[in-house]
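Visitor:
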Amino acid sequence: ANVDLNNETNFCSDLAGQWFAFRIQMISASMLLVTTLALVYMRNYLTAGLIGLVFNYSLQITNQLEGMVWVWSSLETAMVAPERVAEYTNVEQEAPRVIPGSAPSSWPQDGSVRFDRVSFRYKPNDPLVLKDISFDVKSGEKVGIVGRTGAGKSSLTMALFRINELASGTMEIGGVDSSSMGVKTLRESMAIIPQNPILFKGTLRTYLDPLDQYTDAELWAVLTKVRLTGRIAAETDKLQSVVEENGENYSVGERQMLCMARALLRQCRIVVMDEATAAMDHETDQNLQRVIRDEFAGSTVLTIAHRLDTVLDADRIMVFDQGRIVQCDAPGKLIQAGTGIFYDLCSEGGYLDKIVDA
1 ANVDLNNETN
11 FCSDLAGQWF
21 AFRIQMISAS
31 MLLVTTLALV
41 YMRNYLTAGL
51 IGLVFNYSLQ
61 ITNQLEGMVW
71 VWSSLETAMV
81 APERVAEYTN
91 VEQEAPRVIP
101 GSAPSSWPQD
111 GSVRFDRVSF
121 RYKPNDPLVL
131 KDISFDVKSG
141 EKVGIVGRTG
151 AGKSSLTMAL
161 FRINELASGT
171 MEIGGVDSSS
181 MGVKTLRESM
191 AIIPQNPILF
201 KGTLRTYLDP
211 LDQYTDAELW
221 AVLTKVRLTG
231 RIAAETDKLQ
241 SVVEENGENY
251 SVGERQMLCM
261 ARALLRQCRI
271 VVMDEATAAM
281 DHETDQNLQR
291 VIRDEFAGST
301 VLTIAHRLDT
311 VLDADRIMVF
321 DQGRIVQCDA
331 PGKLIQAGTG
341 IFYDLCSEGG
351 YLDKIVDA
């Protein structure tokens, strides 16, 4: 496969070279034609030697022009590597991965999450995407996070995992200020189920347990909980079966369930689902909701969703708008208010009857 890709690239390069050479020759021929016509027109004012000299140099335009463009093109190509090196040397250093003694060895004992006047932006000079938000999520709570596109829902996830540092405010996870601990320690305490999970090429066991910390029995146990044992048992190599690049030999739903299996394996106290059910079929969606309800009963679950039926049974709903929390209450109470963004979203999606019946 790599040989084929290399040949395809070389073939495209050769075609581009032939096209370039043809264009240069056409341009040079046009310039030579103009020069010849000019020499004929000015023949009475020029000597035969000067005409021959000009014509001789005109014939060399093709090679000179082609060589100049090739050198310039090669220079641009060669400068890509130094540009990348310069770019990476200017990347701002991330916070320390591990800070000894920053958190107790048993942390986190609970899955509480507390934001106190948190503001967040992606780059130093960018506008704030989260603006002075504050909330408390108790350990074991199931919280739905909703809002229209661009409201700041996914930015909350970025702040939670400290992909970028907070612009202001404090964030506590399990009662410990997240800014006082290493980013590796923080991120290992939580799990995320993204909408489009990335699976790297390797074995299934390596994906589920990259550090080889768990036994095969434990891996099969979590696969049973997410109902993938039949799919994996059908493979010849079972846990040693190959996962293709980007998990192409698994469906989107199966990839998301594998992410869920990893979270179960690590027994994470906090699970974030970033619109994880948007690309799922109904059966996989129901399976995922069952796992959350049964297996993560004691964990804090933050669900960011566009499909409101995935968060209608949440303990609370946080409604985001323009980087702020504009509503926060139980789904039924938000509907009873008869107004607001959540009421409008439920009305547009036809979910009002489901909440009323519940």
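So that you can map any letter, position 219 of the sequence shown is 219 in the UniProt record's numbering, and since no number is skipped, the others follow by simple counting. Beta carbons are placed, not taken as given, at the ideal position from N, Cα and C, and that holds for glycine.
Are the CB atoms of Leu228 and Leu204 nearer to each other than 7 Å?
Guide: no
Visitor: Could you check the C-alpha separation between Tyr41 and Ile24 for me, to the nearest Å?
Guide: 26 Å
Visitor: Taking buried to mean at least 16 other C-beta atoms within 10 Å of its own C-beta, is Val85 buried or exposed?
Guide: exposed
Visitor: Check the DSSP bridge columns for Gln327 and list the partner residues they point to.
Guide: Partner(s): Val319.
Visitor: Are the stretch 263-276 and the stretch 215-234 touching, with three or more C-beta to C-beta distances below 8 Å?
Guide: yes
Visitor: According to DSSP, simplified to helix, strand and coil, what is Lys131?
Guide: strand
Visitor: Using a 10 Å radius around the Cβ and a threshold of 16 neighbouring Cβ atoms, would you call Thr9 buried or exposed?
Guide: exposed
Visitor: Mind checking whether Val319 and Gly169 have CB atoms under 7 Å apart?
Guide: no
Visitor: Residue range of the beta strand (DSSP E) that Thr35 falls in?
Guide: Premise fails: Thr35 lies in the alpha helix (DSSP H), 2-41, not in any beta strand (DSSP E).
Visitor: With a threshold of 16 other CB atoms inside 10 Å of the CB of Asp14, please say whether the residue is buried or exposed.
Guide: exposed
Visitor: What separation, rounded to the nearest whole angstrom, lies between the Cα atoms of Ala358 and Ile317?
Guide: Low confidence applies here, because Ala358 scores a pLDDT of 49, under 50, leaving its location unreliable and the question unanswered by this model.
Visitor: Name the DSSP bridge partner or partners of Glu172?
Guide: Arg114, Asp177
Visitor: Let's see if you can read the secondary structure: which residues bound the beta strand (DSSP E) around Met190?
Guide: 190-193
Visitor: Give the straight-line distance between the Cα atoms of Arg324 and Gly340, rounded to the nearest whole angstrom.
Guide: 14 Å
Visitor: Using a threshold of 7 Å, state whether the C-beta atoms of Val98 and Gly182 are closer than that.
Guide: yes
Visitor: Evaluate contact between the stretch 114-132 and the stretch 207-217, counting only Cβ atoms and requiring at least three cross-stretch pairs below 8 Å.
Guide: no
Visitor: So, with DSSP's three-state summary, where would you put Ser241?
Guide: Note: Ser241 maps to coil in three-state DSSP.
Visitor: Tell me the rounded alpha-carbon separation between Val272 and Asp110.
Guide: Straight-line Cα distance between these residues: approximately 15 Å.
Visitor: Report the CB separation of Ala95 from Arg162 in whole angstroms; it is logged as a contact under 8 Å.
Guide: 7 Å
Visitor: I'd like to check one pair, Ser134 with Arg121: are the Cβ atoms closer than 7 Å?
Guide: no
Visitor: Per DSSP, what are the beta-bridge partners of Met273 in this structure?
Guide: In the DSSP output, where bridge partners are listed per residue, Met273 has Ile193, Thr303.
Visitor: To the nearest angstrom, how far is the alpha carbon of Leu345 from that of Tyr88?
Guide: 43 Å
Visitor: Out of curiosity, what's the CA-to-CA distance linking Gly338 and Ser189?
Guide: 38 Å
Visitor: Rounded to the nearest angstrom, how far is the Cβ of Pro197 from that of Gly247, given a contact under 8 Å?
Guide: Indeed they touch by this definition, with Cβ atoms about 7 Å apart.
Visitor: Can you tell me which of Phe342, Leu302, Ala78, Gly52 puts its alpha carbon nearest to the alpha carbon of Lys138?
Guide: Leu302
Visitor: If I'm right that Leu312 touches Gly349 with Cβ under 8 Å, what's the distance once you round it to whole angstroms?
Guide: Wrong, their Cβ atoms sit about 10 Å apart, outside the cutoff.
Visitor: Counting only the same chain and skipping the five closest in sequence on each side, list residues whose C-beta sits under 8 Å from that of Val326.
Guide: Val319, Phe320, Gly340, Ile341
Visitor: Helix, strand or coil for Phe296, going by three-state DSSP, please let me know.
Guide: coil
Visitor: DSSP three-state call for Ala358: helix, strand or coil?
Guide: At Ala358, the pLDDT of 49 sits below 50, so the modelled position is not reliable; the number obtained from the coordinates is stated separately. Coil at Ala358, not helix or strand.
Visitor: Identify which residue in Gln289, Glu295, Ala297 has its Cα closest to the Cα of Ala305.
Guide: Gln289
Visitor: Taking a contact to mean a Cβ-Cβ separation below 7 Å, would you say Pro108 touches Gly174 in this structure?
Guide: yes
Visitor: What does DSSP give as the partner residue(s) for Ile145 in the beta ladder?
Guide: Ile304, Met318
Visitor: Contact check, Lys201 vs Val243 under 8 Å by CB: the rounded distance?
Guide: 6 Å
Visitor: Please name the residue or residues paired with Gly202 in a DSSP beta bridge.
Guide: Val243
Visitor: DSSP state of Ser58, grouped into three classes?
Guide: helix
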